[in-house]
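J.:
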Amino acid sequence: MSKTIQVRIPDDLKEEVGFILSEVGLTASDAINMFYKQIVLHRGIPFDIRIPNKKTIAAIEEVRSGKLESYDSIDELFKEVKNEKKKKKPI
Numbered sequence: 050m051s052k053t054i055q056v057r058i059p060d061d062l063k064e065e066v067g068f069i070l071s072e073v074g075l076t077a078s079d080a081i082n083m084f085y086k087q088i089v090l091h092r093g094i095p096f097d098i099r100i101p102n103k104k105t106i107a108a109i110e111e112v113r114s115g116k117l118e119s120y121d122s123i124d125e126l127f128k129e130v131k132n133e134k135k136k137k138k139p140i
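50 is the number of the first residue of the sequence shown in the numbering used here; add one for each residue after it.
1. Where Ser-21 and Gln-87 are concerned, what is the direct C-alpha to C-alpha distance, given to the nearest angstrom?
2. Please specify which runs of the alpha helix (DSSP H), each continuous and at least 4 residues long, are wholly inside the region 50-135, giving them in chain order.
3. Determine, using beta carbons only, whether Pro-101 and Ile-94 come nearer to each other than 8 Å.
4. Leaving aside the five residues before and after Leu-75 along the sequence, list all residues of the same chain whose C-beta is less than 6 Å from its C-beta, in chain order.
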């Protein structure tokens, strides 16, 4: 038998998660059921819960700021990476 639960979630988070779930064909109920099943399988939370270090926080802030370089294709990214390797001189 199913039980109904109520959860308080900020509107902006609910909207963002709802969009992502719909893109992969899931409902919030589906996702919560999957999460609960993973808790049972792992006998605990199915992922690490950690406080990020300073380097990780800086990387997260860099991503959120939108200052990172972006590429139109994976090929364009690989060309850039290959060019960077060529610029470095061997020791």
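Beta carbons are placed, not taken as given, at the ideal position from N, Cα and C, and that holds for glycine. From a predicted model like this one, the values you see are computed outputs, not experimental measurements.
T.: Per the coordinate set shown:
1. Because the chain spans 50 through 140 in this model, residue 21 falls outside it and cannot be assessed.
2. 60-72, 77-91, 103-114
3. Walking along the sequence shown from the start, residue 101 turns up at place 52. Walking along the sequence shown from the start, residue 94 turns up at place 45. With respect to Ile-94, Pro-101 sits apart: the two C-beta atoms are not nearer than 8 Å.
4. Locating residue 75 in the sequence shown gives position 26, counting from the first residue. Closer than 6 Å at the Cβ level, and outside the excluded window around Leu-75, lies no residue.
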